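This note's numbering puts the first residue of the sequence shown at -13, with every later residue one more than the last.
We put the beta carbon where it would ideally sit given N, CA and C, even for glycine.
All values reported here derive from a predicted model rather than from experimental measurement.
Presented below is the structure to which this report refers.
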Amino acid sequence: MKRILVVDGEPVATGALCDLLAMDGYTAVGLCATQEALQRLRDEVFDAVITDVELPGGRGLDVVRAARQTRPGAPVLVVTGHVNSLACEAALSLGVCRVLGKPLRYETLISELQTSIRGR
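This is the structure in structure tokens:
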């Protein structure tokens, strides 16, 4: 079973996304704090990471960097309400698979996630 790390500053959104991923057969770990996400990336293995750009106590780009360092081949998807921001450009330059805009359709996310996991 594939393990997915979900990092979003909104606890309700994080929980809902983790529930949907679980229904699709993934093991999802949902976090809202940047520092905890960074620690978990150091201590655990994830097959993919989904993170927001803006997070409480840090930035999603820190999560992207940590994911690229600890698991260079694992897909990283960024979800944000600010698709045309400099942070999104930076995320792409760090090697994220895709930047997806909010509000997000789950069908779009799961399709991108599956494609990214298969392609690695």
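Cut-off 6 Å between Cβ atoms - residues of its own chain near residue i, not counting five sequence neighbours on either side
i      : result
R(-11) : T13, F32 and D33
L41    : G(-5) and T20
Distance, residue j Cα to residue i Cα
i      : j     : result
R26    : I103  : 20 Å
V35    : R51   : 11 Å
V(-7)  : L17   : 5 Å
M(-13) : D29   : 18 Å
P89    : E22   : 25 Å
P61    : T0    : 18 Å
L7     : V(-2) : 14 Å
R91    : V15   : 20 Å
H68    : C74   : 8 Å
Cβ separation of residue i and residue j, assumed to be a contact under 8 Å, to the nearest whole Å
i   : j   : result
D38 : T66 : 6 Å
D10 : I96 : 6 Å
Contacting residues, own chain, Cβ-Cβ under 8 Å from residue i (five flanking each side not counted)
i   : result
E98 : L63, C83, R84 and L86
T94 : L86
Whether residue i touches residue j by CB criterion (9 Å)
i   : j   : result
G46 : A77 : yes
G44 : L72 : no
L80 : R54 : yes
One or two residues paired with residue i in a DSSP bridge
i     : result
T66   : G87
E40   : R45
V(-8) : G16 and I36
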